[in-house]
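Novice: One structure follows; several queries about it will come next.
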Amino acid sequence: MPTYKLKAKIDESGNLVLTEPIKLPPGEVEVILLQPLTEVDNTAVTPTTTDIAKSKRQIECNVPILKEWLEQTEPFPPDFDPDQAKWEYLQEKHNL
């Protein structure tokens, strides 16, 4: 199934409005909506690379070997977008 990424908006009455034309033949389509997250200003709280290297992550876990392994992993980057990661996973899974 081909995939198209378009810009759209929801109007006051709750209707989906495409803001750009699409050249597709008439017929039914399946719509997947991804609502963008509001961006948070991370500049004040973003730790530097040296701060991350110095501090050891504190993980609560009852399995000692798992706790040790998790404490050695790096946290996800501040620009990580979970919705984009989900979309990429679904594209790969369903061969889109």
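Under this note's numbering, think of the first position of the sequence shown as 23, with each following residue one higher. Note that CB positions come from ideal geometry on N, CA and C, so glycine has one too. Because the structure is a prediction, the values reported are computed rather than measured.
(1) Taking L38 and I32 to be in contact with their CB atoms under 8 Å, please state how far apart those CB atoms are, rounded to whole angstroms.
(2) Is the beta carbon of R79 closer than 8 Å to that of E93?
(3) Work out the CA separation of I87 and Q106 for me, nearest whole Å.
(4) Straight-line CA distance for E114 to E52?
(5) In whole angstroms, what is the alpha-carbon distance linking I74 and E96?
(6) At which residues does the beta strand (DSSP E) containing K31 begin and terminate?
Specialist: Per the coordinate set shown:
(1) 6 Å
(2) yes
(3) 31 Å
(4) 18 Å
(5) Any reading at I74 is ruled out, since the residue's pLDDT is 49, under 50, leaving its predicted position unreliable.
(6) 30-32
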